[in-house]
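**Student:**
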Amino acid sequence: MSTTLGEALKNWFVFHPEEDFGPSAIDASGWLDAPAGRHGFVQPAGEGLAFEDGTVVQFWGVNICNGRVACDAATAERWAGLLAKYGVNGVRFHKFTWPGEEGIGSGVRSPDLDPAKLARMDAFVARMHRAGIYLGWSHIYGHRVMPGDRERLAAYDEVAAAGANHLKGSTIGLVHFAPDLQDLSIELTVNLLEHVNADLGQRYADDAGLAFIELQNEDDIFFSTTMNWVEQCPTYKRLFCEQFSDWLRGRYGDHKGLVEAWGARALDAYPDRMRGEHLDARNLYPIAHDWWFSPEGLAKQQAELGTGRRLLDTARFLYETQNAFYDRFAAAIRATGYRGCIVGSCWQAGTGVSHYYNLHSDARMGLVDRHNYFGGGTGHNMEKGPVRNRAMVQQPGSGLLSTGRQMVKGQPFQISEWISMLPNEWIAEGAPVVAVYGLGLQGWAASYVFASNYDRLTETLDMPNVYNANNPTQMGLYPALARMLYRGDVRPAEPLAVRHVHIPSLLEGRVGFEETVKQKGDQKAISGDLPAEALAIGKVQVEYTDTFVPTETPDLSKWIDTARGVVRSMTGQLAWHGGEQGYFTVDTPGTAAVVGFAGGQQCRLAQATLEVYTPFVVLFVTSLDREKGIGQAERILVTAIARARNSGMRYNADHTQLEDVGGPPILLEPVRARIALTRPGTPTVHVLDHVGRRTGRTVPVSAEGFTIDGAEHQAIYYEVTYEK
Numbered sequence: 001m002s003t004t005l006g007e008a009l010k011n012w013f014v015f016h017p018e019e020d021f022g023p024s025a026i027d028a029s030g031w032l033d034a035p036a037g038r039h040g041f042v043q044p045a046g047e048g049l050a051f052e053d054g055t056v057v058q059f060w061g062v063n064i065c066n067g068r069v070a071c072d073a074a075t076a077e078r079w080a081g082l083l084a085k086y087g088v089n090g091v092r093f094h095k096f097t098w099p100g101e102e103g104i105g106s107g108v109r110s111p112d113l114d115p116a117k118l119a120r121m122d123a124f125v126a127r128m129h130r131a132g133i134y135l136g137w138s139h140i141y142g143h144r145v146m147p148g149d150r151e152r153l154a155a156y157d158e159v160a161a162a163g164a165n166h167l168k169g170s171t172i173g174l175v176h177f178a179p180d181l182q183d184l185s186i187e188l189t190v191n192l193l194e195h196v197n198a199d200l201g202q203r204y205a206d207d208a209g210l211a212f213i214e215l216q217n218e219d220d221i222f223f224s225t226t227m228n229w230v231e232q233c234p235t236y237k238r239l240f241c242e243q244f245s246d247w248l249r250g251r252y253g254d255h256k257g258l259v260e261a262w263g264a265r266a267l268d269a270y271p272d273r274m275r276g277e278h279l280d281a282r283n284l285y286p287i288a289h290d291w292w293f294s295p296e297g298l299a300k301q302q303a304e305l306g307t308g309r310r311l312l313d314t315a316r317f318l319y320e321t322q323n324a325f326y327d328r329f330a331a332a333i334r335a336t337g338y339r340g341c342i343v344g345s346c347w348q349a350g351t352g353v354s355h356y357y358n359l360h361s362d363a364r365m366g367l368v369d370r371h372n373y374f375g376g377g378t379g380h381n382m383e384k385g386p387v388r389n390r391a392m393v394q395q396p397g398s399g400l401l402s403t404g405r406q407m408v409k410g411q412p413f414q415i416s417e418w419i420s421m422l423p424n425e426w427i428a429e430g431a432p433v434v435a436v437y438g439l440g441l442q443g444w445a446a447s448y449v450f451a452s453n454y455d456r457l458t459e460t461l462d463m464p465n466v467y468n469a470n471n472p473t474q475m476g477l478y479p480a481l482a483r484m485l486y487r488g489d490v491r492p493a494e495p496l497a498v499r500h501v502h503i504p505s506l507l508e509g510r511v512g513f514e515e516t517v518k519q520k521g522d523q524k525a526i527s528g529d530l531p532a533e534a535l536a537i538g539k540v541q542v543e544y545t546d547t548f549v550p551t552e553t554p555d556l557s558k559w560i561d562t563a564r565g566v567v568r569s570m571t572g573q574l575a576w577h578g579g580e581q582g583y584f585t586v587d588t589p590g591t592a593a594v595v596g597f598a599g600g601q602q603c604r605l606a607q608a609t610l611e612v613y614t615p616f617v618v619l620f621v622t623s624l625d626r627e628k629g630i631g632q633a634e635r636i637l638v639t640a641i642a643r644a645r646n647s648g649m650r651y652n653a654d655h656t657q658l659e660d661v662g663g664p665p666i667l668l669e670p671v672r673a674r675i676a677l678t679r680p681g682t683p684t685v686h687v688l689d690h691v692g693r694r695t696g697r698t699v700p701v702s703a704e705g706f707t708i709d710g711a712e713h714q715a716i717y718y719e720v721t722y723e724k
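Printed below as a string of C-alpha cells:
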C-alpha cells in the first residue's frame, strides 16, 4: 500500500498555522448557539441530548487536560477563539484536580482547591460559555490522597504508598468499595459544584453550560487496578473481603450453604490471594479482574479449580457494589441542585459477563461514555520504532467505530476520548469516521477528541505528543465536519442489530450471543457474531431486557454488495468500499465527500462528482449556509487534506518503521481532484490560505467543473461562490 504512493515530497508544502481567529470562509463561530446555557441544562432525551427547553444538541468537542484549565486570561481568549472558529461546541476538562502543575488541587486536603487557580479556571469557563462552548468535567482520575486526609482514612499510609508514577498514592480501584475514599471524591465534586464562579455570577451547580459530570475516568471495579491496589493495601483488602463475605451470607445463609453452592474446591482456590477462607471469618476473597469473567476465563477456572460458580457470584457482587457507589455519588451531586448529565465511567470491563454488568452500571447513570484509540507507534510520544500503519477505511465499521457496539438502546452514547494516533500516516480519516458514521449514522450524542492542549494550531504533528488534535489533519477538518453535524446532514439510521442482555441471566453466565473485546492499552476492538460491517449499515445497540431473549444476527446481505466490496448505509447516504484501497462517500444535500484511498476513482454523488487523483484523500464539499444545501447555497467550502509529516520525518521502505520523527514545520501532501457541482451556473472558486482567508487567486472553471491542485495552490481550503 505505502510503496505505491511514492515519496514525491518535493511537491509537499508547508502548513502555516497563523493565529488568526477573525472572519474567514472556514469560521464556524457563528454556528455555535451562544451563550452556553441559554436553553437550560443538557439532559438525556431518548438516544440523544436536549436542553430543558427541548432544543436538541450534539457536541463536537475536544479535551483540555490538567493545569491548562487554569490558564491566564490571554491564553483563555485565544483558546476560546480558536475552538469557536473551528466549530467546537464542547470541551471536556480532564483530570484537572491533581495538585501542583497538573491541576488546581490545593495539595493539602484532596477535596480542596487552590483559590487562585480556581479563579483562572472560572474566567476560562466564562470566556468559553460566551462563545457557545459547553463544558464537561472529567475531574477525577486516580484521586490522590493528601496529608490533610490522614485522619479521615482507615489507612492513609497504605493508600499513599500504593501504585506508581502518575497514579501513585491514588484511590483508583479502592474507591469502588471503600466509603472513606468515596467521601473524598464526593466532597471534592460537591466543593466544585458549590463554588461560585464570579465571572458567571453563579455556582457551578447552577451553570447550565456544564453539560456533564463524570464520576471517574478510566476505572471500574472489574478492572485489574482494583485487585492491584487491594493487594497493596491490607486494611482495604480486609474490608473488601468482609463486604464480599457479608454479601455471600445474605445469598447462602451460612458456610455450609456456601460450600454446597460453590463446591469445596472453590475455597482456598487462590492461595496467593487468601488462605483459610471461611464465611464465619469474613475472609472470602473477591477476584476483581475482568479476564476472569470472560467466557475463556470462566471456562478455564472452572476446569482447573472448580471456581465457575464462585466467579459468577463475585461478578454479581462487584456489579452491585459499583452500583451502590455510583448511586451514592450521583445522589450527592443531585443534592446540590445540578440538573445536567451524569456519566458513571468511560471504561469497559473485558468480555462477556463483566463487560455487560459494567455497561449496565454505567447506563444506570443515563449517559453512556466510552474511549478508544487507533493506530500509533511505540508509546505516547512519537518515537523511532514500529508503526501500526493501517487505515480504518480498509475494513468497513472497524477501528474507532467498534466502540459504538456499547450504545444502549433508548439512551445517549458519547465517546469522550479518541484519536487516530501518530505516526500512522492515515490519521486524517479519524475525525470523518467519528463524525460521519459515529455521530451521524449511529446517532452518538457527543464526541470529544483527545486532545486540544494548546491555544493554537501546532508547529509539529506531535506537539506535545501523539494525542494532538491541534494539527491540520484533525482541527483542519472541523469547519466542514461541524457544519455537517450541526445542520444534521447525515441522518441517523434505524436500529439494525439489537443484542439482548438479561441481567439475572448473567449470574448464570448466559449472555445470549458471542462478542469479544480485544484491548491493547487504550486501543480496543469489539467483534463477534455481528460483523463489523453492521456499523457501516445501521444503528447497533445493546438492550437490557426483562427476560432472557437469545439474540439473532440480522441478515446484512441487503446492504452489502459482496462482488464490489461495497457496504451501503440503510439511509442511502453513505457507501463504504472496503479492501486495501478502501474509501467511503457521503452523499447528502449539504455535504458531498470522499474519504480514503480513492485515487483514480470518480465518485458520482447527487450534489457533485468528485474525481480524485491523489491516492489518499479527505475531500469535503460543504454548504456554508445553515438552511440551504450545496445545490442552492451561495457559498460552498471545499476542504482537501491528505497525509502530513513533520519536516524530516522518515519511514522505512514499507512504512512499518518510523526512522526519524522530524521537526517543524508541518508538511502537507497536496490534494489534486476535479470537482463538478450538479447545479446550473458558473461559480468563482477562490483559493484560501490556511486560516480560510481569500488569497486573491482563483481557480479556472469550465463546463466540466474545476480542478484543485494542492501542489500549485498550496491550499487545503477553497471557497466556491455563486452570484445572487
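Numbering (our numbering), first residue to last: 1 to 724. The beta carbon of each residue, even a glycine, is placed where N, CA and C say it ideally should be.
1. CB E19 to CB R456, shorter than 7 Å?
2. Start and end of the alpha helix (DSSP H) containing Y236?
3. So, using beta-carbon positions, are A606 and D587 closer together than 7 Å?
4. For S2 and Q302, I'd like the C-alpha separation in whole angstroms.
5. Who are the Cβ neighbours of R499 in its own chain at under 6 Å, not counting the five residues just before and after it?
6. Going by DSSP, what residue range makes up the alpha helix (DSSP H) through Y448?
7. Please state whether the Cβ-Cβ distance between N453 and C71 is less than 7 Å.
8. What would DSSP say about R568, mapped onto helix, strand or coil?
9. For the putative contact between M392 and E429, defined by C-beta atoms under 8 Å, what is the C-beta separation to the nearest angstrom?
10. State the start and end residues of the unbroken alpha helix (DSSP H) segment that holds G81.
11. Decide yes or no for the touch test of the segment 100-112 against the segment 51-62: beta carbon pairs closer than 8 Å, at least 3 of them.
12. Please give the ranges of any beta strand (DSSP E) in the segment 79-167, keeping only runs that are unbroken, at least 3 residues long and fully inside the region.
13. On the criterion of 16 or more Cβ atoms from any shown chain inside 10 Å, does D555 qualify as buried, or is it exposed?
14. Can you say whether P615 is buried or exposed, counting buried as having 16 or more other CB atoms within 10 angstroms of its CB?
15. Please report the straight-line C-alpha distance between L5 and E47, rounded to a whole angstrom.
16. Any idea which residues DSSP pairs M421 with across the strands?
17. Is the Cβ-Cβ distance between A435 and Q414 less than 7 Å?
18. Would you report the Cα separation of R339 and R273, rounded to the nearest angstrom?
19. Inspect the beta-carbon positions of S416 and Y448 and report whether they are closer than 7 Å.
20. Exposed or buried, which one is T547 when buried takes at least 16 other CB atoms within 10 Å?
21. Within 10 Å of its beta-carbon, does Q394 have 16 or more other beta-carbons around it, so buried, or fewer, so exposed?
22. On the CB-based measure, 16 or more other CB atoms within 10 Å of its CB, does N381 come out buried or exposed?
23. How many angstroms separate the CA atom of H278 from the CA atom of Q43?
24. Report the start-end ranges of each beta strand (DSSP E) in the segment 497-581 that is 3 residues or longer and not cut off at the edges.
25. Give a yes or no on contact between the segment 142-150 and the segment 108-126, applying the rule of three or more CB pairs nearer than 8 Å.
26. Of the residues P295, G297 and L305, which one's Cα is nearest the Cα of P271?
27. Here's a check: name, in chain order, each residue in its chain whose Cβ is nearer than 8 Å to the Cβ of D660, leaving out the five neighbours to either side.
28. Nearest-angstrom Cα distance between G366 and Q411?
29. Does the segment 630-641 come close enough to the segment 476-484 to have 3 or more Cβ pairs within less than 8 Å?
30. Which residues bound the beta strand (DSSP E) around P271?
31. Can you round the beta-carbon distance between G578 and G599 to whole angstroms, since I take them to be within the 8 Å contact cut?
32. Quick check on the burial criterion: 16 or more other C-beta atoms within 10 angstroms. Buried or exposed for G681?
33. Whose C-alpha, out of G582, H713 and A76, is nearest the C-alpha of A673?
34. Could you give the distance in angstroms between the alpha-carbon of Y285 and the alpha-carbon of V259?
35. Considering only their Cβ atoms, is the gap separating G87 from A28 smaller than 7 Å?
36. Below 6 Å CB to CB, which residues in the same chain sit around W79 once its five sequence neighbours on both sides are set aside?
**Tutor:** Concretely, from the data shown:
1. Against the sequence shown, residue 19 aligns to sequence position 19. Against the sequence shown, residue 456 aligns to sequence position 456. Against a cut-off of 7 Å, the Cβ pair of R456 and E19 comes out as a contact.
2. Translated into positions along the sequence shown, residue 236 becomes position 236. Where Y236 is concerned, the enclosing alpha helix (DSSP H) stretches over P234 to Y252.
3. Position 606 of the sequence shown, counted from the first residue, corresponds to residue 606. Position 587 of the sequence shown, counted from the first residue, corresponds to residue 587. For A606 and D587, yes; Cβs fall inside 7 Å.
4. Your numbering for residue 2 matches position 2 in the sequence shown. Your numbering for residue 302 matches position 302 in the sequence shown. For S2, the predicted model reports a pLDDT of 37, less than 50, meaning its position is unreliable and no value from the coordinates is stated.
5. Here residue 499 is taken as the residue at index 499 of the sequence shown, counted from 1. So the list reads F513, V542 and T551, once near-sequence residues are dropped.
6. The sequence position of residue 448 within the sequence shown is 448, counting from 1. Per DSSP, Y448 belongs to no alpha helix (DSSP H); it is in the beta strand (DSSP E), A446 to V449.
7. In the sequence shown, the residue the question calls residue 453 occupies position 453. In the sequence shown, the residue the question calls residue 71 occupies position 71. Result no, Cβ atoms of N453 and C71 do not sit closer than 7 Å.
8. Along the sequence shown, one-based indexing puts residue 568 at 568. Reduced to three states, the DSSP call for R568 is strand.
9. Position 392 of the sequence shown, counted from the first residue, corresponds to residue 392. Position 429 of the sequence shown, counted from the first residue, corresponds to residue 429. Confirmed, Cβ separation roughly 6 Å.
10. Taking the first residue of the sequence shown as position 1, residue 81 is located at position 81. Looking at the DSSP string, the run of the alpha helix (DSSP H) that includes G81 is A73 to K85.
11. no
12. Scanning the segment 79-167 from its first residue to its last, the whole beta strand (DSSP E) runs of 3-plus residues come out as 90-94 and 134-138.
13. Your numbering for residue 555 matches position 555 in the sequence shown. So D555 ends up on the exposed side.
14. Within the sequence shown, residue 615 is the residue found at index 615, counting from 1. So P615 counts as buried.
15. Residue mapping note: residue 5 aligns to position 5 of the sequence shown, counting from 1. Residue mapping note: residue 47 aligns to position 47 of the sequence shown, counting from 1. Residue placement at L5 cannot be trusted, given a pLDDT of 43 that sits under 50; the coordinates are not used to answer.
16. Taking the sequence shown and counting its residues from 1, the one referred to as residue 421 is at position 421. Looking at the DSSP assignment, M421 forms a beta bridge with G375.
17. Looking up residue 435 in the sequence shown gives position 435. Looking up residue 414 in the sequence shown gives position 414. When the beta-carbon positions are compared, A435 and Q414 stay at least 7 Å from each other.
18. Counting from 1 along the sequence shown, the entry for residue 339 is found at position 339. Counting from 1 along the sequence shown, the entry for residue 273 is found at position 273. Roughly 43 Å between the two C-alpha positions.
19. Start at 1 with the first residue of the sequence shown, and residue 416 comes out as number 416. Start at 1 with the first residue of the sequence shown, and residue 448 comes out as number 448. Cβ atoms of S416 and Y448: closer than 7 Å.
20. As a working mapping, residue 547 is identified with position 547 in the sequence shown. Answer is exposed; the Cβ neighbour count stays below 16.
21. As a position in the sequence shown, residue 394 is number 394, starting the count at 1. Under this definition Q394 is a buried residue.
22. Position 381 of the sequence shown, counted from the first residue, corresponds to residue 381. Burial call: exposed.
23. Taking the sequence shown and counting its residues from 1, the one referred to as residue 278 is at position 278. Taking the sequence shown and counting its residues from 1, the one referred to as residue 43 is at position 43. Computed Cα separation, rounded: 47 Å.
24. With a minimum length of 3 residues, the continuous beta strand (DSSP E) runs that stay inside the segment 497-581 are 515-520, 523-528, 539-544, 566-568 and 574-577.
25. yes
26. Residue mapping note: residue 271 aligns to position 271 of the sequence shown, counting from 1. Of the candidates P295, G297 and L305, the one whose C-alpha sits nearest the C-alpha of P271 is L305.
27. Here residue 660 is taken as the residue at index 660 of the sequence shown, counted from 1. Excluding sequence neighbours, D660 sits near K384, G648, M649 and R650.
28. Within the sequence shown, the letter at position 366 stands for residue 366. Within the sequence shown, the letter at position 411 stands for residue 411. So the two alpha carbons sit approximately 7 Å from each other.
29. Put simply, the segment 630-641 touches the segment 476-484. At least three CB pairs are less than 8 Å apart.
30. On the sequence shown, residue 271 is found 271 positions in, with the first residue counted as 1. Careful: P271 lies outside any beta strand (DSSP E) and carries neither H nor E.
31. As a working mapping, residue 578 is identified with position 578 in the sequence shown. As a working mapping, residue 599 is identified with position 599 in the sequence shown. The pair is not a contact, with the Cβ atoms about 16 Å apart (cut-off 8 Å).
32. Here the question's residue 681 lines up with position 681 in the sequence shown. Exposed.
33. Counting from one through the sequence shown, the residue named residue 673 turns up at place 673. A673 has its Cα closest to that of H713, out of G582, H713 and A76.
34. In the sequence shown, the residue the question calls residue 285 occupies position 285. In the sequence shown, the residue the question calls residue 259 occupies position 259. Spanning the two alpha carbons is a distance of roughly 15 Å.
35. Position 28 of the sequence shown holds residue 28. Position 87 of the sequence shown holds residue 87. Going by C-beta atoms, A28 is nearer than 7 Å to G87.
36. The count along the sequence shown starts at 1 and reaches residue 79 at position 79. Contacts found: D455.
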